[in-house]
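Counting in the working numbering, the sequence shown runs from 76 upward without gaps.
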Amino acid sequence: MKRLLLLLISFIFIFSFTLSGCSDPDRKGELREFLSSNEDAYSEAFPEEESEFSAFADYMKQWAAVNDVDVAFEGEHAIVLKNSATEGFKSEPSCVLLCGFNTQNASGGKAVISTAQTALLGPTEHGDISLAITERAGTQLIGIDELPAEYLTADSLISLNTGNNNTILTAGPVAAKCSFLNTGTYEPSTYDQAFAITFSMPEYTDPFDFVKDNNYPNPINTIGSFLASSKSAGKLFHIASFTSKDHAGYAPYYAKAVIVVDSNNIESLKSRFEKSYSNMEDKFEDLEAEFEYTMEETDMPEKVLSDELADNLVSLMYTLNTGVCQQDEESGLIYAASYIKSISTKEGDLELKMGIRARGESYLDSLSAEYETTAGLCSTKYEFSKSGRIWATDEKSSLVQYFTGCVPLQGPAETAVSLRTYENDLIAKDLPDQEMIIYTFEKGDRKTVLENLVDYTDPSIQK
């Protein structure tokens, strides 16, 4: 790898020297050629799907050295390069380009990272331009939390991603959380044998990413559905406990229910579990991911949940609408979605928490009304609280006006919102007033994207 990088550096240095001497009219053409050389270098450096972020950081540092840009920040999961303003343009607007390096799909990052690299070099004259690249691992946004807010603070921030079409996202979704609560008591069990049903999977998954490759089952839903279908089939068991584990902002990665089963129903319940397991096996084979789903004998608990609370819990798991909740049948556009964040039966009481996202307030309110009805049917208390839109940039801002001019919005403004979790969602927690957009583009249009980015950072064009 080191020898390869040295060869690449020599090649890039020659090209960089040529680039620095080009005249203004030729700048875009030279940058387009440089984009191709950056792509070739990236392909040679990262031919495999998987890579360590440290290897990528080394690559970027050497690229920065030969292209006369500074390494402003380097952490374990993030790196920032800075192309300082040219002389006489210190007061011009600053811009941060943001993208992710996916360690599980390193080779797939070529288009967006090479485009961002090239755009970092900017027009001949420009204000401060920075390139922040943070680590991703699948849907896990690992690096953004490590990056100090000062390196994301600028007059504008543009998050770059590749996708199936060219889209400018100007806002995040509206969000809310709700809880289903029920007070109960413990009772002694009259049944004979205890079993622990556990489900675990890759730790962090985005509950609002409904692309097939990322749409992991929710462990709470999986076990809850098994219990509900078993109860509806007349199987006799008591529920002793139902708990889960999760990481803030992601779907649960672990759930466990302990049940006590009537001796006459043990074999039939095991048979039902095998069918449930087979369904999960098929699902995770499609996902090409590992999971654990077991039903094993365990120590008898001293007490179990009251029949009334257990029935309410099972009814809730059977009735509750989660995942994609509101969707346009023709376009497939998702308007509202939700997921079960956690479940607990501590002290014999039930607490089930959910996260909700929607494109607009009306969809959020409609779904909440449905959940309130569900709670009533399941004799459960319902609590609901909105947290507003996660982030938004004024439609009249020069950032939004420029890029929606380059990539016009298709349909109503709500289509310029995604329910999926992006780095922008997390940036907004520390920088709520930061003007930013998400620019998603097709790989084949990267040269047009490059031109749009260079024009945006060119003071002579913006004035």
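Ideal Cβ positions, reconstructed from N, Cα and C, are used throughout, including at glycine.
As the structure is a computational prediction, the values presented were derived from the model and not from experiment.
Among the bridge pairs identified by DSSP, GLN268 is matched with VAL336.
Secondary structure at THR369: strand, using DSSP grouped into helix, strand and coil. Looking from the CA of GLU108, the closest CA among GLN192, ALA385, SER166 belongs to GLN192. Of all alpha-carbon atoms in THR190, LYS416, ILE415, ILE409, the one lying nearest the alpha-carbon of ALA433 is that of ILE409. Spanning the alpha carbons of VAL333 and GLN215 requires a straight line of approximately 30 Å. Judged by DSSP in its simplified three-state form, SER406 adopts coil rather than helix or strand. Annotation: ALA186 is outside any beta strand (DSSP E); the continuous alpha helix (DSSP H) that includes it extends over 185 to 196. The three-state reading of DSSP puts GLN137 in helix, counting H, G and I together. Put simply, of ILE188, ALA153, ALA160, GLU125 the residue whose alpha carbon is nearest the alpha carbon of SER112 is ILE188.
Under the DSSP assignment, ASP424 falls outside any beta strand (DSSP E); it carries neither an H nor an E label. For ILE219, there is no enclosing beta strand (DSSP E), as DSSP gives it neither H nor E.
For ARG211, there is no enclosing alpha helix (DSSP H); the enclosing beta strand (DSSP E) covers residues 204 to 211. By the Cβ criterion, the region 241 to 254 is not in contact with the region 381 to 393, since fewer than three pairs of Cβ atoms, one from each stretch, lie closer than 8 Å. Given a length threshold of 4 residues, each whole run of the alpha helix (DSSP H) inside the region 441 to 508 is given here in chain order: 473 to 481, 498 to 505. Straight-line spacing of the CA atoms in ASP281 and ALA323 works out to 11 Å. A check of alpha carbon separations from SER343 across SER169, PHE121, PHE301 identifies PHE301 as the nearest. Under the DSSP assignment, SER231 falls in the beta strand (DSSP E) whose first and last residues are 231 to 237. In this structure, the alpha-carbon of THR420 lies about 8 Å from that of LEU380. In the DSSP assignment, ALA364 falls outside any beta strand (DSSP E) and carries neither an H nor an E. Burial state of GLU377 is exposed, judged by a 10 Å Cβ sphere holding fewer than 16 other Cβ atoms. Listed in chain order, the non-local C-beta contacts of GLU124 below 8 Å within the same chain comprise GLN179, ASN180, ALA181, SER182, GLY183, local neighbours out to five positions each way being set aside.
Counting along the chain, no beta strand (DSSP E) covers THR394; the unbroken alpha helix (DSSP H) around it starts and ends at 382 to 394. When DSSP states are grouped into helix, strand and coil, GLY398 belongs to the strand group. Ranked by Cα distance from VAL389, the options GLY398, TYR325, SER454, SER493 are led by SER454.
Taking the Cα positions, VAL335 is about 5 Å away from HIS313.
Of the other Cβ atoms in all chains shown, 16 or more fall within 10 Å of the Cβ of ASP533; this residue is therefore buried. Taking all protein chains in view, the Cβ of GLU371 is surrounded by fewer than 16 other Cβ atoms within 10 Å, so the residue is classified as exposed. The beta carbon of GLU426 sits closer than 6 Å to those of LEU256, SER419, all from its chain and outside the five residues before and after it, given in chain order.
Taking each of GLU221, THR237, LEU173 in turn and checking the Cα distance to ALA229, the smallest one comes out for LEU173. Taking the CA atoms as reference points, TYR226 sits about 13 Å from ASP145. By a beta-carbon distance limit of 8 Å, GLY202 does not contact ALA140. Their separation comes to about 23 Å. When the Cα atoms are used, ILE272 and PHE176 turn out to be separated by approximately 37 Å.
C-alpha of TYR393 to C-alpha of LEU196: approximately 56 Å in a straight line. At the C-beta level, GLU356 and ASN396 stay beyond 8 Å of one another. With a 10 Å radius around the Cβ and a threshold of 16 neighbouring Cβ atoms, GLU363 comes out exposed. Annotation: ASN236 to TYR457 spans about 38 Å, alpha carbon to alpha carbon.
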